[in-house]
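Q: UniProt numbering puts the first residue of the sequence shown at 1, with every later residue one more than the last.
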Amino acid sequence: MATMNTVVLDKAVFLLRDVHQSPSAAQRALKGYFPELGLIERAQHVRAAYDSLHAGRILSRPAPSELSDPSRFAAAHERHGFGD
């Protein structure tokens, strides 16, 4: 079972990376998920998550869609009969 610190850190990573919240917004959001944490504890978890993300230690991102490549998007567009 994950420790409370790991759960809070995972939630902070989620808020920063996937929800694209600022660090201060992530600190406020953590209060809703973990009301027992104080401001300093929330700030420490968000700082650790931010540092992990920007140091490249957390790499579990979803793979980009094939449609993000313009050449594949055009091919899919033609394949499905979409016209201008």
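Using N, Cα and C, we set each Cβ at its ideal position, and we do this for glycine too. Small disclaimer: the values here were computed from a predicted structure and weren't measured.
#1: What number of angstroms, rounded off, separates the C-alpha of Lys31 from the C-alpha of Gly38?
#2: For the putative contact between Val8 and His45, defined by C-beta atoms under 8 Å, what is the C-beta separation to the nearest angstrom?
#3: What are the boundary residues of the alpha helix (DSSP H) that Gln44 is part of?
#4: Please report the straight-line C-alpha distance between Lys11 and Phe34, rounded to a whole angstrom.
#5: For Ala43 and Gln27, which I take to be in contact (beta-carbon distance under 8 Å), what is that distance rounded to the nearest angstrom?
#6: Select from Tyr50, Ala55 and His54 the residue whose C-alpha is nearest the C-alpha of Leu15.
A: In this structure, then:
#1: 8 Å
#2: 5 Å
#3: From DSSP, the alpha helix (DSSP H) with Gln44 extends over Leu39 to His54.
#4: 10 Å
#5: 6 Å
#6: Tyr50
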